[in-house]
Amino acid sequence: MTFSKHYRRFRRANNRFIRVMPWLWLVGCVGCVVVGVMGWGERWLMSVCLATIYPVLIGWLGFGSLLIMVRAFSRLSQMRYQRSAGAWLFFVWIFTIGLGSFACAVDLFVSAALWLVGH
2 MTFSKHYRRF
12 RRANNRFIRV
22 MPWLWLVGCV
32 GCVVVGVMGW
42 GERWLMSVCL
52 ATIYPVLIGW
62 LGFGSLLIMV
72 RAFSRLSQMR
82 YQRSAGAWLF
92 FVWIFTIGLG
102 SFACAVDLFV
112 SAALWLVGH
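In the working numbering, the protein residues as written are 2 to 120.
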């Protein structure tokens, strides 16, 4: 792979995120339950979600989609020799999944930022 140093850094960051992700998700779920039971309102509920659950979703979608797209691009040089239309369709399908997941991560980030600016 041509960008192996950057890929290793990316994988290390992804592994660190995966270790933290369940704990952050659990704290977010417990926080949402506490806010709901106490009846503190939508503002507190959204604050808990922005601090815990949204970063997990954005990170999961972002890391996963970038990993899919990096692996798809690393196979692009091998795809030059493929004559099968099915192989190309599979490559395009996998890349589209990665692009769609990345778009979802960006959309979540923008919606969280807009909520913060609006409140």
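Every residue gets a Cβ at the ideal spot worked out from N, C-alpha and C, and that includes glycine. Values in this document were obtained by computation on a predicted structure and should not be read as measured data.
- Item | Ser5 burial status per 10 Å Cβ neighbour count (16 or more: buried) | Exposed.
- Message: Going by beta-carbon coordinates alone, are Leu100 and Met70 separated by less than 9 Å?
- Response: Yes, the Cβ-Cβ distance between Leu100 and Met70 is below 9 Å.
- Task: Identify which residue in Leu90, Val57, Trp61, Gly60 has its Cα closest to the Cα of Ala73.
- Result: For the residues Leu90, Val57, Trp61, Gly60, the minimum Cα distance to Ala73 belongs to Leu90.
- Message: Quick check on DSSP: helix, strand or coil for Gln83?
- Response: Three-state DSSP puts Gln83 in coil, outside helix and strand.
- Query: Leaving out the 5 sequence neighbours to the left and right, which residues in its chain are closer than 8 Å to Ala88 when beta-carbon positions are compared?
  - Reply: Hits under 8 Å: Met80.
- Within 10 angstroms of the Cβ of Val57, are there 16 or more other Cβ atoms? Answer buried if so, exposed if not. Around the C-beta of Val57, 16 or more other C-beta atoms lie within 10 Å, and the residue is accordingly described as buried.
- Message: Helix, strand or coil for Trp116? Go by DSSP, reduced to three states.
- Response: Helix at Trp116.
- Query: Sorted by chain position, which residues of the same chain lie with C-beta nearer than 7 Å to Gly32's C-beta, five sequence neighbours on each side aside?
  - Reply: Excluding sequence positions up to five before and after Gly32, its CB lies within less than 7 Å of the CB of Val49, Thr53, all in the same chain and listed in chain order.
- Item | Same chain, Cβ closer than 8 Å to Ile59, five either side skipped, listed in chain order | The answer, listed in chain order, is Ala106, Leu109, Phe110, Ala113.
- Task: Could you tell me whether the Cβ atoms of Phe103 and Ser75 are closer together than 9 Å?
- Result: Cβ distance not < 9 Å, so Phe103 and Ser75 don't count as in contact.
- Distance cut-off 8 Å: Phe92 Cβ against heavy atoms of the ligand ZN: No copy of the ligand ZN appears in this structure; indeed no ligand is present at all.
- Return the chain-ordered list of same chain residues with a C-beta closer than 7 Å to the C-beta of Gly40, the five sequence neighbours on each side being excluded. Hits under 7 Å: none found.
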